[in-house]
Structure formats: structure tokens, C-alpha cells
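One structure is given below, encoded as C-alpha cells.
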Amino acid sequence: AQSVAQPEDQVNVAEGNPLTVKCTYSVSGNPYLFWYVQYPNRGLQFLLKYITGDNLVKGSYGFEAEFNKSQTSFHLKKPSALVSDSALYFCAVRANTGGFKTIFGAGTRLFVKA
Amino acid sequence: GAVVSQHPSRVICKSGTSVKIECRSLDFQATTMFWYRQFPKQSLMLMATSNEGSKATYEQGVEKDKFLINHASLTLSTLTVTSAHPEDSSFYICSASPARGDEQFFGPGTRLTVL
């Protein structure tokens, strides 16, 4: 069965510092991995995805994520955080073998302090 | 590109009434649409997956007779909450995907409050 774990409910970081939001997954076969961001009372916005290829994926707003197959992780990173990055971040996984269901992690709230 | 709209954005209804929420892909054809429910400070719970012209596939524990889903065209899916009760109050989010393997594009969500 597919599953996604975001071990941190909340991440606090100072503006200008690097940030990491952690995600680990479990899926049969090769995964499709995604990161989304949600602002209050809004739908989700796509940040980036990993399907195949280079393990370091670059996405929107300066975010990037590194796919690590051996550790089954897909951590979201940004070299220099902005206050406007404060939001709720969801990691999601979908198996590429049969079915089309995407499973979302519980979410990690990011607070960037000025 | 890849914009998904939802209507209404917010609805308040009385217990026992039915509410319809529309989800539209504005600039692409969505072969698959998804309906999620999100409780405060929680993740998205997939309710059902719908493909144009066929019956929706509901997740375990989701009552298909209560949450009616219709995917009438490649740009429109509707979710009807029938005989709504206060426990149905939630944030409902739809998403659409243009083809297998692509990311999902999410609507802005609909806040349903049942009094």
C-alpha cells in the first residue's frame, strides 16, 4: 500500500536561512512524487514533481527537492527562505503501476520569521 | 495554463438540504477528476476518482449515495452532497488531471457549512 510520512508538523526557520521540509514514502514500484503548497482557505498549488531522471528536481518559487531511492525520501528544500514561504506543505506519492490514486502526507506547516 | 475553478467558493445550507459543487478545468480537458475533503489542520482525504463518462470510484468509507459525483464532460465534474448534515461541514477540493502520469491541478476549494 502507498503511504507518505511528513515527520514534522511544523518547521520554523529565519528569513534568509535554508529550509528543509522532510518527506518519506512507501510505494510499490517506481514512484511519482509531488510537493504542493497550500495557503489559508485555498486549494493546493503545485510546486514540483519527480517522475524519472535527475534526482534533484527544481520547481516553482526557488524550491527544489531531492529524490533518494535508498532512503525513500523526497525532502523539499530552499536555499534562502522568505516570509512569504510561510504556508502548509504537502508531499504526495502515486505509484506508476496500475491505478491513479495519489496519497498525501499529513502536511507540514512552515513558519518563516523575519 | 492548467486552471481549475470551483463554484461556489463558500456555501451555507440548512441540514437536510442538498448542495452541488462544480469543478471545471478552464483551459484543458480533464480525463480524470478527483474530489477531496479536508478537515481543519488535516491533510486531504481522497473521496472519489471520476473519469469522464463513467461512474466514479469511491474510496472505502465514502457513501456514494450521499456524495454523488457526475463527470459529464471533459471539463466539468460535480459533487452533490445529499441530505447534508452538520458533520458534512468541511472544505471540499477538486483536482483535475489531463492525462495519466501528469500532476493534478487543484481548484481553490469550497467551504461547506451545514447548520
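In order, the protein sequences belong to chains W and X.
Those letters in the first sequence? Residues 92 to 205, per the numbering used here, in order.
Those letters in the second sequence? Residues 3 to 117, per the numbering used here, in order.
Ideal Cβ placement from N, Cα and C applies to all residues, glycine included.
The structure displayed is predicted, hence computed values, not measured ones.
Sixteen is the threshold: since fewer than 16 other Cβ atoms of the shown chains lie within 10 Å of the Cβ of Lys66 of chain X, the residue is exposed. A check of alpha carbon separations from Val118 of chain W across W:Ser177, W:Asp100, W:Val184 identifies W:Val184 as the nearest.
Only Thr34, Phe36, Tyr38, Gln40, Lys43, Gln44, Ser45, Leu46, Met47 from the region 20–47 of chain X bring a Cβ to less than 9 Å from some Cβ of chain W. Membership of Lys113 of chain W in any beta strand (DSSP E) is not indicated, and neither H nor E is assigned to it by DSSP.
Rounded to the nearest whole angstrom, the C-alpha separation of Gln44 of chain X and Phe181 of chain W is 10 Å. DSSP places Pro122 of chain W in the strand class (E or B) of the three-state scheme. Around Gly109 of chain X, the beta-carbon contacts reaching into chain W at under 8 Å are Gly134.
Interface annotation, Phe137 of chain W: in contact with chain X, CB-CB separation under 7 Å. Residue pairing by DSSP puts Lys204 of chain W in a beta bridge opposite W:Ala105.
With distances taken between CA atoms, Asn108 of chain W lies nearest to W:Pro170 out of W:Gly198, W:Pro170, W:Glu157. Val174 of chain W carries a helical assignment under DSSP once its states are collapsed to helix, strand and coil.
For Thr84 of chain X, none of the residues of chain W pass the 8 Å Cβ criterion, the least Cβ distance being about 24 Å. By the Cβ criterion, the region 112–126 of chain W is in contact with the region 136–156 of chain W, since at least three pairs of Cβ atoms, one from each stretch, lie closer than 8 Å. Going by C-alpha positions, Asn146 of chain W is about 10 Å away from Glu155 of chain W. Contact check between the region 28–45 of chain X and the region 88–100 of chain X: three or more CB pairs, one atom from each, fall below 8 Å, which counts as touching. Ser85 of chain X carries a coil assignment under DSSP once its states are collapsed to helix, strand and coil.
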